[in-house]
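Chemist: I have a structure I would like to understand better, so I am pasting it below and will then ask my questions one at a time.
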Amino acid sequence: MSDALVIGSGLGGLLSGAILSRAGYRVTVLEKAVQPGGCLQTFVRGGLRFDTGFHSVAGLEEGGPLERIFRPLGLMDLPWEQVKETDEIVMDGVSYRLSDLSFPLGNNLRLSSPAGDVTEEEYALVMEPFKKGSWRLPSGDMLVKRLAAQINGTVRTGCEVTEIEPGLVRCADGSVYRGIIISDIHPRQTFALYKGHIRPSYLHRLQVLEDGPGIFTVYCKLRPETRRYQPWNTTFDGNLMLHYGNADEKGFARSADLLAFSAKHVPDRTALAERMIARVPGLAQAVEEYWTSTPATWERYTGTPGGSAFGIRKKDASCYVHPRTPVPGLYLTGQNCGLHGVLGVSETALLTCREILGEETLNQILQR
Ligand SMILES: Cc1cc2nc3c(=O)[nH]c(=O)nc-3n(C[C@H](O)[C@H](O)[C@H](O)COP(=O)(O)OP(=O)(O)OC[C@H]3O[C@@H](n4cnc5c(N)ncnc54)[C@H](O)[C@@H]3O)c2cc1C
């Protein structure tokens, strides 16, 4: 039996590990955080569970791009709920509905963010599949648990990888693992840990790739029976998204997340949070308590440089990093390698596994 080591238990790492497990590999996932899942982690505050980087996903319609990956991995019987996206963008006083737009967007249609524009290409690649519908789970960690259970081996949390050599990784606690390596962390960080020689031109290319902006989130606990739960996401002004948590037994929402693109450090979190809450009609009166996270919080938890929410910007084909690296037996996966989001990361996990297993074996696994 061959051994595979996965650095990072984000969606990309867990999916790659689950697929390799089906191909007969013995898999060890090494995760520096105390909880697996990376951006799919959840946390509990005020007696409520909040999602962090997982609110809705696209591509789960019958035959859709994500359904074709999730069904063979037994992920379609999780309690997915169809979400309606109300997707109004207001630009220069004109209101647009995403569902009425055809991509690519014209030059004048850019979503602006304090950390810089989200490129049209990036936006179109991510938003286009949402036109066919989107789905959510009561909690993103359901996906994490289901994938972790499919690992033929172990998911070790609290285990930070500090050095990579060909066919070997060393962890902060002194443990050493051998096998082929799949890195679910940023390619620049992967090669900062690598102790061998790499072509300078390869490293240079990784250095010049730009990371996209991060997100400021306000996690609100709502007063009981103040806001009717609605299973959809609402976008205001193209940069403020409202997402309700789960419903109580009477159909009222107990929590709401407000998300907006943001610079890494937010000097006055309270002022920004209050502005965002005030922007949603009637929300201020319903909020009992709230907590916030900035891109700097994300950088601390997942190690993503700058706390970028979606990793390396995908402006054009030159921004994609191939899963195969110049080091034999060292592969890349995750949002920094291909597209971001649950859909993009899942597609990239297939590309990574195809490099390792070959197309025929991968297809056999996906057809089972
Ligand atoms: C606020 C926010 C909202 C989002 N909302 C959505 C959404 O609604 N829908 C959607 O589809 N996508 C959404 N996304 C994007 C999506 O969550 C990510 O694209 C995806 O989960 C990234 O997965 P990943 O496997 O590439 O990396 P990550 O989830 O970043 O996982 C990397 C893992 O590696 C670990 N790690 C780092 N360094 C080391 C080391 N040295 N040793 C061991 N482990 C290490 C980290 O702790 C982390 O667990 C959102 C993201 C954010 C930030």
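If you want our numbering, it's the 1-based position in the sequence shown plus 31. Using N, Cα and C, we set each Cβ at its ideal position, and we do this for glycine too.
(1) Residue 69: buried (16+ other C-beta within 10 angstroms of its C-beta) or exposed?
(2) If I'm right that residue 293 touches residue 246 with Cβ under 8 Å, what's the distance once you round it to whole angstroms?
(3) Tell me the rounded alpha-carbon separation between residue 144 and residue 287.
(4) Note the first and the last residue of the continuous beta strand (DSSP E) segment covering residue 341.
(5) Taking contact to mean 3 or more Cβ pairs, one atom from each stretch, closer than 8 Å, check whether the segment 311–318 and the segment 242–259 are in contact.
(6) With respect to 6 Å, is the separation between the Cβ of residue 215 and the closest non-hydrogen atom of ligand 1 below this value?
(7) Give me the DSSP bridge partner(s) of residue 35.
(8) Assuming residue 376 contacts residue 42 under a Cβ cut-off of 8 Å, what Cβ separation, rounded to an integer in Å, is found between them?
(9) Is residue 321 helix, strand or coil by DSSP?
(10) Which residues bound the beta strand (DSSP E) around residue 411?
(11) Taking one C-beta from the segment 328–342 and one from the segment 194–213 each time, how about it: are there three or more such pairs within less than 8 Å?
(12) What does a CB cutoff of less than 7 Å around residue 271 pick up in its chain, not counting 5 residues either side in sequence?
(13) Less than 7 Å separating the beta-carbons of residue 175 and residue 61?
(14) With distances taken Cα to Cα, identify the nearest neighbour of residue 110 among 345, 169, 359.
(15) Since I believe residue 225 is in contact with residue 195 (beta carbons under 8 Å), could you give me their beta-carbon distance rounded to a whole number of angstroms?
(16) Beta carbon of residue 371: closer than 6 Å to some heavy atom of ligand 1?
(17) Using the Cβ count rule (16 or more neighbours within 10 Å means buried), how would you classify residue 295?
(18) According to DSSP, residue 113 sits in a beta bridge with which residue or residues?
(19) Taking residue 235 and residue 336 to be in contact with their CB atoms under 8 Å, please state how far apart those CB atoms are, rounded to whole angstroms.
(20) Using 7 Å as the threshold, is the C-beta distance between residue 208 and residue 36 below it?
(21) Looking only at its own chain, which residues have a Cβ that is under 6 Å from the Cβ of residue 85, when we skip the five neighbours before and after it?
(22) Would residue 46 be called buried (16 or more neighbouring beta carbons within 10 Å of its own) or exposed?
(23) Measuring only the C-alpha atoms, how far is residue 240 from residue 312?
(24) On the three-pair Cβ rule with 8 Å, is the segment 368–384 touching the segment 92–100?
(25) Give the straight-line distance between the Cα atoms of residue 362 and residue 51, rounded to the nearest whole angstrom.
(26) With DSSP as the reference, label residue 373 as helix, strand or coil.
(27) At which residues does the beta strand (DSSP E) containing residue 186 begin and terminate?
(28) Tell me which residue opens and which closes the alpha helix (DSSP H) that residue 307 is part of.
(29) Along the alpha helix (DSSP H) that carries residue 21, what are the first and last residues, could you check?
(30) If you draw a straight line from the C-alpha of residue 138 to the C-alpha of residue 282, how long is it?
(31) Does the beta-carbon of residue 366, which I'm using as the reference point, lie nearer than 6 Å to any heavy atom of ligand 1?
(32) Give the range of the alpha helix (DSSP H) segment to which residue 260 is assigned.
(33) Can you say whether residue 33 is buried or exposed, counting buried as having 16 or more other CB atoms within 10 angstroms of its CB?
(34) Among all the DSSP beta bridges, which residues are the ones paired with residue 384?
(35) What is the DSSP secondary structure of residue 41, reduced to helix, strand or coil?
(36) Grouping DSSP H, G and I as helix and E and B as strand, with all else coil, what is residue 352?
Modeler: So, from the data block:
(1) What you label residue 69 is simply residue 38 of the sequence shown in a count that begins at 1. Burial call: buried.
(2) The residue you call residue 293 lines up with position 262 of the sequence shown. The residue you call residue 246 lines up with position 215 of the sequence shown. Contact flag correct, Cβ pair sits at about 6 Å.
(3) Mapped onto the sequence shown, residue 144 falls at position 113. Mapped onto the sequence shown, residue 287 falls at position 256. Because the pLDDT of residue 144 is 41, which lies under 50, any placement of that residue in the model is unreliable, and the question is left without a value.
(4) For this step, residue 341 is matched to residue 310 along the sequence shown. From DSSP, residue 341 is part of no beta strand (DSSP E); its letter is neither H nor E.
(5) Judged by Cβ distances under 8 Å, the segment 311–318 makes contact with the segment 242–259, as three or more pairs qualify.
(6) Here residue 215 corresponds to residue number 184 of the sequence shown, with the count starting at 1. It does: the Cβ of residue 215 is within 6 Å (strictly closer) of some heavy atom of ligand 1.
(7) In the sequence shown, the residue the question calls residue 35 occupies position 4. In DSSP, residue 35 forms a bridge with 58, 211.
(8) Along the sequence shown, one-based indexing puts residue 376 at 345. Along the sequence shown, one-based indexing puts residue 42 at 11. Contact between residue 376 and residue 42 is confirmed by a C-beta separation of about 5 Å, below the 8 Å threshold.
(9) Working through the sequence shown from its first residue, we reach residue 321 at position 290. The answer is strand: DSSP assigns residue 321 an E or B state.
(10) The requested residue 411 does not occur in the structure, where the chain is confined to residues 32 to 399.
(11) Proximity of the segment 328–342 to the segment 194–213 falls short of the contact definition, fewer than three beta-carbon pairs being nearer than 8 Å.
(12) Along the sequence shown, read from residue 1 onward, the residue named residue 271 stands at position 240. Closer than 7 Å at the Cβ level, and outside the excluded window around residue 271, lie 289, 291, 307, 310.
(13) Taking the sequence shown and counting its residues from 1, one reaches residue 175 at position 144. Taking the sequence shown and counting its residues from 1, one reaches residue 61 at position 30. No.
(14) Here residue 110 refers to the residue found at position 79 when the sequence shown is read from its first residue. Among 345, 169, 359, the Cα nearest to that of residue 110 is on 169.
(15) Stepping through the sequence shown from its first residue, residue 195 is reached at position 164. Stepping through the sequence shown from its first residue, residue 225 is reached at position 194. With a Cβ gap of about 5 Å, residue 195 and residue 225 count as contacting.
(16) As a working note, residue 371 is residue 340 in the sequence shown. Within 6 Å of the C-beta of residue 371 there is at least one heavy atom belonging to ligand 1.
(17) Counting from one through the sequence shown, the residue named residue 295 turns up at place 264. Counting Cβ neighbours within 10 Å, residue 295 comes out buried, since at least 16 surround it.
(18) As a first step, residue 113 must be located in the sequence shown, where it is residue number 82. BP columns for residue 113 point to 166.
(19) In the sequence shown, residue 235 corresponds to position 204, counting from 1. In the sequence shown, residue 336 corresponds to position 305, counting from 1. Between the beta-carbon of residue 235 and that of residue 336 there is about 17 Å, and that puts the pair past the 8 Å contact cut.
(20) Position 177 of the sequence shown, counting from 1, holds the residue named residue 208. Position 5 of the sequence shown, counting from 1, holds the residue named residue 36. Less than 7 Å divides the Cβ of residue 208 from the Cβ of residue 36.
(21) Your numbering for residue 85 matches position 54 in the sequence shown. Around residue 85: 71, 171.
(22) Locating residue 46 in the sequence shown gives position 15, counting from the first residue. By the 10 Å Cβ count, residue 46 comes out buried.
(23) As a working mapping, residue 240 is identified with position 209 in the sequence shown. As a working mapping, residue 312 is identified with position 281 in the sequence shown. Each residue's CA atom was taken as its position, placing residue 240 and residue 312 some 39 Å apart.
(24) Yes, they touch.
(25) The residue given as residue 362 occupies position 331 in the sequence shown. The residue given as residue 51 occupies position 20 in the sequence shown. Using only the alpha carbons, I get a separation of about 13 Å.
(26) Here the question's residue 373 lines up with position 342 in the sequence shown. DSSP places residue 373 in helix when its eight states are reduced to three.
(27) Position 155 of the sequence shown holds residue 186. Segment 184–187, the beta strand (DSSP E) holding residue 186.
(28) Working through the sequence shown from its first residue, we reach residue 307 at position 276. Membership of residue 307 in the alpha helix (DSSP H) is indicated by the continuous run 300–310.
(29) Any answer about residue 21 is impossible in this case: the structure gives the chain only from 32 up to 399.
(30) What you label residue 138 is simply residue 107 of the sequence shown in a count that begins at 1. What you label residue 282 is simply residue 251 of the sequence shown in a count that begins at 1. Because residue 138 sits at a pLDDT of 30, beneath the cut-off of 50, its placement in the model cannot be relied upon, and the point is left open.
(31) Translated into positions along the sequence shown, residue 366 becomes position 335. Answer for residue 366: yes, Cβ within range of ligand 1.
(32) Residue mapping note: residue 260 aligns to position 229 of the sequence shown, counting from 1. Boundaries cannot be given for residue 260, as no alpha helix (DSSP H) includes it and DSSP labels it neither H nor E.
(33) Taking the sequence shown and counting its residues from 1, the one referred to as residue 33 is at position 2. Within 10 angstroms of the beta-carbon of residue 33 lie fewer than 16 other beta-carbons, which makes it exposed.
(34) Here residue 384 is taken as the residue at index 353 of the sequence shown, counted from 1. Note: residue 384 sits in no beta bridge, so no partner.
(35) Your numbering for residue 41 matches position 10 in the sequence shown. Residue 41 sits in coil when the DSSP states are folded into three classes, being neither helix nor strand.
(36) Working through the sequence shown from its first residue, we reach residue 352 at position 321. DSSP places residue 352 outside both helix and strand once states are collapsed to three, so it counts as coil.
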